[in-house]
Amino acid sequence: MWFKNIRFYTLDLGDTLNTIKDEAKVEELLAKTAFKPCEANEQSSIGFAPLFGSNTPFHFSTGNNHFLKLVEETKLLPSQVVKTQVDEQVEKKELELKRVLNKQEIETVKAAVSNSLLSKAFATRKELLIWFNTQANIVGISASSAKRAESALAMLREAFMSFGAKLLAPKCVVEARMTTWIKENTLPEKFDFGSEVTLKSTDEDGGIIRASKEDLTSQEIAVHLNAGKNVYEIALNYDEAVTFSLTNDLTIKKVKPTDIYLEHNLPNKVEDEIADAQSLLILQGEIFTELCSYIMEIFDCDRT
Numbered sequence: 137m138w139f140k141n142i143r144f145y146t147l148d149l150g151d152t153l154n155t156i157k158d159e160a161k162v163e164e165l166l167a168k169t170a171f172k173p174c175e176a177n178e179q180s181s182i183g184f185a186p187l188f189g190s191n192t193p194f195h196f197s198t199g200n201n202h203f204l205k206l207v208e209e210t211k212l213l214p215s216q217v218v219k220t221q222v223d224e225q226v227e228k229k230e231l232e233l234k235r236v237l238n239k240q241e242i243e244t245v246k247a248a249v250s251n252s253l254l255s256k257a258f259a260t261r262k263e264l265l266i267w268f269n270t271q272a273n274i275v276g277i278s279a280s281s282a283k284r285a286e287s288a289l290a291m292l293r294e295a296f297m298s299f300g301a302k303l304l305a306p307k308c309v310v311e312a313r314m315t316t317w318i319k320e321n322t323l324p325e326k327f328d329f330g331s332e333v334t335l336k337s338t339d340e341d342g343g344i345i346r347a348s349k350e351d352l353t354s355q356e357i358a359v360h361l362n363a364g365k366n367v368y369e370i371a372l373n374y375d376e377a378v379t380f381s382l383t384n385d386l387t388i389k390k391v392k393p394t395d396i397y398l399e400h401n402l403p404n405k406v407e408d409e410i411a412d413a414q415s416l417l418i419l420q421g422e423i424f425t426e427l428c429s430y431i432m433e434i435f436d437c438d439r440t
């Protein structure tokens, strides 16, 4: 149970903090907003789910760290399939009525076709892990896209009535600062370069260069930077604990703990799978608290 991607937000819980301290109340609120499969005419559904599987609690808390899980279900309904059937139905109706259907009639046909297809469509499910630290006032969502992360925050607000979270707000131009790291080889102390980078031209019609398995301080990379490209995503290692890619909107992708860190910090596996999963979450809470605080520091982010 590991966050593969994470978007960080600052947190202002206010009176909600008292609710979160009451574990029984948290379980009650999450149960009220629990995941339910899509109804026949629904295209998507989202809700909280037991963190470690059926018949387990909805959340896990350890110290100031809290962990939850959302499940999203989406029915697969390709637009081209809908269009083809709508066109067929419209043509059939027009032949029957011997006239062209108006816009409202076509919309009625489209709604009927969509509802019919939804009732038969296959559904896919995805999980979203949520972590927040009530002392550091940070929340992290295991999503790389803003849309999915905002959906998770909306569910937190629905469950707790209020859940103040704001996307990290750097006071610098992130891509300019990351570009300087490579150009001047002035990486922040706790970071080491990885071997992947995405470079983009500042021009709208400019090119994009994606380098993999490269020395980021090499002459090959320098040529592109000197030609005016900036760093928009860069692979990094934080304090020999975790590797990841950092984007220009401060999203963390491809998160992976290092073998050395796990060897020194992860307890030996036991026969209790839930206890093993909890151990992994505890480690992540510690790493993400440090990492997010460090990112906020080096990019001059507001903490309120």
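Reading the sequence shown from the start, the letters are residues 137 to 440 in our numbering.
In this text, a Cβ means the ideal position worked out from N, Cα and C, and glycines have one as well.
Sort L165, L335, L398 by Cα distance to N362 and report the nearest one. Residue mapping note: residue 362 aligns to position 226 of the sequence shown, counting from 1. When each option's Cα is compared against that of N362, the closest is L335.
Every unbroken beta strand (DSSP E) within the region 335 to 399, with a cutoff of 3 residues, ordered by chain: Whole beta strand (DSSP E) segments, 3+ residues: 344 to 348, 365 to 374, 378 to 383, 388 to 393.
With distances taken from CA atoms, which of T260, L231, E399, A248 is nearest P173? Within the sequence shown, numbered from 1, the residue matching residue 173 stands at position 37. Closest option to P173, Cα to Cα, is T260.
Helix, strand or coil at R261 [DSSP, three-state]: The count along the sequence shown starts at 1 and reaches residue 261 at position 125. In this structure, R261 counts as strand in the three-state DSSP scheme.
Would you mind reading off the limits of the alpha helix (DSSP H) that contains T220? Along the sequence shown, read from residue 1 onward, the residue named residue 220 stands at position 84. In the DSSP annotation of this structure, the continuous segment of the alpha helix (DSSP H) that includes T220 starts and ends at 215 to 233.
Helix, strand or coil at S287 according to DSSP, with G and I counted as helix: Within the sequence shown, the letter at position 151 stands for residue 287. In the structure shown, S287 sits in a helix (DSSP, three-state: H, G or I).
Could you tell me whether the Cβ atoms of I242 and V226 are closer together than 8 Å? Locating residue 242 in the sequence shown gives position 106, counting from the first residue. Locating residue 226 in the sequence shown gives position 90, counting from the first residue. Yes. Within cutoff.
Kindly indicate the opening and closing residues of the beta strand (DSSP E) around R143. Sequence index remark: in the sequence shown, residue 143 carries index 7 (1-based). Looking at the DSSP string, the run of the beta strand (DSSP E) that includes R143 is 143 to 148.
Going by beta carbon distance, what residues of the same chain come within less than 6 Å of F171, once the five residues before and after it are set aside? Sequence index remark: in the sequence shown, residue 171 carries index 35 (1-based). The residues are G183, A185, V207.
Is F268 closer than 8 Å to L187 when the C-beta atoms are compared? Position 51 of the sequence shown holds residue 187. Position 132 of the sequence shown holds residue 268. No; because the gap between Cβ atoms is not below 8 Å, this pair is not in contact.
According to DSSP, is E332 part of a helix, a strand, or is it coil? Locating residue 332 in the sequence shown gives position 196, where the first residue counts as 1. Strand at E332.
Quick check: V222 and V245, are their CB atoms within less than 8 Å of each other? In the sequence shown, counting from the first residue as 1, residue 222 sits at position 86. In the sequence shown, counting from the first residue as 1, residue 245 sits at position 109. Their beta carbons are under 8 Å apart, which means V222 touches V245 by this criterion.
Environment of I396 [buried if 16+ CB atoms lie within 10 Å]: As a working mapping, residue 396 is identified with position 260 in the sequence shown. Under the 10 Å beta carbon count, I396 is surrounded by fewer than 16 other beta carbons and is classified as exposed.
Start and end of the beta strand (DSSP E) containing S197? To locate residue 197, count along the sequence shown from 1; it is residue 61. Here the beta strand (DSSP E) through S197 covers 195 to 198.
Buried/exposed call for M432, threshold 16 Cβ in 10 Å: On the sequence shown, residue 432 is found 296 positions in, with the first residue counted as 1. Classification of M432: buried, given that the 10 Å Cβ count is 16 or more.
Measure the C-alpha to C-alpha separation of A377 and K390 and round it to an integer number of angstroms. Walking along the sequence shown from the start, residue 377 turns up at place 241. Walking along the sequence shown from the start, residue 390 turns up at place 254. If I take the Cα positions, the gap works out to 14 Å.
Over the uninterrupted beta strand (DSSP E) stretch that includes S181, give me the two end residues. Counting from one through the sequence shown, the residue named residue 181 turns up at place 45. For S181, the uninterrupted beta strand (DSSP E) segment begins and ends at 180 to 184.
Using a threshold of 8 Å, state whether the C-beta atoms of V367 and T322 are closer than that. Locating residue 367 in the sequence shown gives position 231, counting from the first residue. Locating residue 322 in the sequence shown gives position 186, counting from the first residue. In this structure, T322 does not lie closer than 8 Å to V367 by Cβ.
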